[in-house]
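J.: Each protein sequence line maps, in turn, to chains G and Y. For the first sequence, the positions run -5 to 106 when my numbering is used. For the second sequence, the positions run 11 to 123 when my numbering is used. Virtual Cβ for every residue (Gly too), placed ideally from N, Cα, C. Computed from a predicted structure; not experimentally measured. Got a structure here, written out as structure tokens. Questions coming.
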Amino acid sequence: ILNVEQSPQSLHVQEGDSTNFTCSFPSSNFYALHWYRWETAKSPEALFVMTLNGDEKKKGRISATLNTKEGYSYLYIKGSQPEDSATYLCAFTNTGGFKTIFGAGTRLFVKA
Amino acid sequence: SQTIHQWPATLVQPVGSPLSLECTVEGTSNPNLYWYRQAAGRGLQLLFYSVGIGQISSEVPQNLSASRPQDRQFILSSKKLLLSDSGFYLCSVDRGGGSYEQYFGPGTRLTVT
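Written out as structure tokens, the structure reads:
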């Protein structure tokens, strides 16, 4: 059974704080690791997809790293803003098929 | 670019009633299609995926079924809804290029009463 774990479940920070979330996934049969941002009343939107061990991706104040050997990925947000408030989903795609399995997400609340 | 249509947007159905949710995709051909569900307080659960017409893979045992009668049409059905079927249903297509990055439709909010 493929299992993707995310921590923390929720996070409350002040505007300007930097924060990070963790995603753990199976280290075998790895194909790709995805991060999505899901705002309330909208659909999830892709942030990053990473396929190689050691990959680092960056988009503005948000960045992500990948360690496929130990099965974890970090998402970092530098200088959080209220508009960063959302649920951040991690998803794992394995080599065995077309399945992409999502974690339960980290709900971020940024207070102005 | 791809566009995903889902309907209805919201639905309130009594327990034991049937269900049919439809998803259609524009701007691509022979896509991999997926149905996900988010139950209250939980993450996205993969329900079904399809790599072609008439090809359906089920991920969890449940009273739901899926069909793909046309290349860009994906339907989620149930003969008798349960209270536990309430949730937010998302249809998605992977963007291709081998990354399996998902592009999601607007979703259907289903409440079973």
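Would you decide whether H6(G) is buried or exposed? Buried here means 16 or more other CB atoms lie within 10 Å of its CB.
T.: For this step, residue 6(G) is matched to residue 12 along the first sequence. With fewer than 16 Cβ atoms within 10 Å of its Cβ, H6(G) is classed as exposed.
J.: Skipping 5 residues on each side, what residues in its chain have a beta carbon closer than 8 Å to that of T13(G)?
T.: In the first sequence, the residue the question calls residue 13(G) occupies position 19. Counting only Cβ-Cβ distances below 8 Å, and skipping sequence neighbours, we find L5, V7, Y70, I71, S74, L102.
J.: From the DSSP output, in three-state form, read off L100(Y) for me.
T.: Position 90 of the second sequence, counted from the first residue, corresponds to residue 100(Y). Here L100(Y) sits in strand by DSSP.
J.: Any C-beta of chain Y sitting closer than 9 Å to the C-beta of G48(G)?
T.: Start at 1 with the first residue of the first sequence, and residue 48(G) comes out as number 54. It does not: the Cβ of G48(G) has no partner Cβ on chain Y nearer than 9 Å.
J.: Below 7 Å CB to CB, which residues in the same chain sit around Y110(Y) once its five sequence neighbours on both sides are set aside?
T.: Translated into the one-based positions of the second sequence, residue 110(Y) becomes position 100. Counting only Cβ-Cβ distances below 7 Å, and skipping sequence neighbours, we find D104.
J.: Please tell me whether Q48(Y) and L86(Y) are closer than 9 Å, where the distance is taken between their beta carbons.
T.: Counted from its first residue, the second sequence places residue 48(Y) at position 38. Counted from its first residue, the second sequence places residue 86(Y) at position 76. Taking 9 Å as the cut-off, the beta carbon of Q48(Y) is found no closer than this to the beta carbon of L86(Y).
J.: Just curious, the beta strand (DSSP E) that G62(Y) is in, first and last residue?
T.: In the second sequence, residue 62(Y) corresponds to position 52, counting from 1. 54 to 62 is the span of the beta strand (DSSP E), which, as asked, contains G62(Y).
J.: Could you give the distance in angstroms between the alpha-carbon of T34(Y) and the alpha-carbon of P2(G)?
T.: Start at 1 with the first residue of the second sequence, and residue 34(Y) comes out as number 24. Start at 1 with the first residue of the first sequence, and residue 2(G) comes out as number 8. The alpha-carbon atoms of T34(Y) and P2(G) are separated by roughly 35 Å.
J.: Is it true that the CB of E36(Y) sits closer than 9 Å to the CB of F84(Y)?
T.: Residue numbering aside, residue 84(Y) sits at position 74 when the second sequence is read from its first letter. Residue numbering aside, residue 36(Y) sits at position 26 when the second sequence is read from its first letter. It is not a contact, given that the beta carbons lie outside the stated cut-off.
J.: Which of helix, strand or coil does DSSP assign to S77(Y)?
T.: Taking the first residue of the second sequence as position 1, residue 77(Y) is located at position 67. Of the three classes helix, strand and coil, the one that applies to S77(Y) here is strand, per DSSP.
J.: Closer than 9 Å, CB to CB, is D81(Y) near chain G or not?
T.: As a working note, residue 81(Y) is residue 71 in the second sequence. No, D81(Y) does not count as interfacial toward chain G.
J.: Would you decide whether W17(Y) is buried or exposed? Buried here means 16 or more other CB atoms lie within 10 Å of its CB.
T.: Position 7 of the second sequence, counting from 1, holds the residue named residue 17(Y). With fewer than 16 other Cβ atoms within 10 Å, it is exposed.
J.: When Cβ atoms are compared, which residues of the region 110 to 123 of chain Y fall closer than 9 Å to chain G?
T.: Against chain G - using a Cβ distance shorter than 9 Å - the residues of the region 110 to 123 of chain Y are Y110, E111, Q112, Y113, F114, G115, P116, G117.
J.: Does the separation of the CB atoms of R119(Y) and A50(Y) fall below 9 Å?
T.: Walking along the second sequence from the start, residue 119(Y) turns up at place 109. Walking along the second sequence from the start, residue 50(Y) turns up at place 40. Their beta carbons are not under 9 Å apart, which means R119(Y) does not touch A50(Y) by this criterion.
J.: Excluding the 5 residues flanking T121(Y) on each side, which residues of the same chain have their C-beta closer than 6 Å to its C-beta?
T.: The sequence position of residue 121(Y) within the second sequence is 111, counting from 1. If we look at T121(Y) and ignore the five residues flanking it on each side, its Cβ neighbours are V22, S96.
J.: Could you tell me the alpha carbon to alpha carbon distance between S11(Y) and T87(G), rounded to whole angstroms?
T.: One-based indexing of the second sequence puts residue 11(Y) at position 1. One-based indexing of the first sequence puts residue 87(G) at position 93. About 23 Å.
J.: Are the Cβ atoms of A80(G) and E9(G) separated by less than 9 Å?
T.: For the purposes of this step, residue 80(G) is taken as the residue at position 86 of the first sequence. For the purposes of this step, residue 9(G) is taken as the residue at position 15 of the first sequence. No.
J.: In its own chain, which residues sit with a C-beta less than 7 Å from the C-beta of L91(Y), not counting the 5 before and 5 after it?
T.: If you number the second sequence from 1, residue 91(Y) lands on position 81. Taken in chain order, the residues that qualify are Q23, V25, G26, S27, L29, V122.
J.: Are the CB atoms of G53(Y) and A98(G) nearer to each other than 9 Å?
T.: Taking the second sequence and counting its residues from 1, the one referred to as residue 53(Y) is at position 43. Taking the first sequence and counting its residues from 1, the one referred to as residue 98(G) is at position 104. Contact flag set, yes.
J.: Can you confirm whether E36(Y), when its beta carbon is compared against all beta carbons of chain G, has any partner nearer than 9 Å?
T.: For the purposes of this step, residue 36(Y) is identified with residue 26 of the second sequence, where counting begins at 1. No - not a single Cβ of chain G is within 9 Å of the one on E36(Y).
J.: Quick one: what does DSSP say S88(Y) is sitting in, helix, strand or coil?
T.: Walking along the second sequence from the start, residue 88(Y) turns up at place 78. In this structure, S88(Y) counts as strand in the three-state DSSP scheme.
J.: At 7 Å on the CB atoms, spell out the chain Y contacts of G99(G), in chain order.
T.: On the first sequence, position 105 is the one that residue 99(G) refers to. Those within 7 Å of G99(G) in chain Y are G53.
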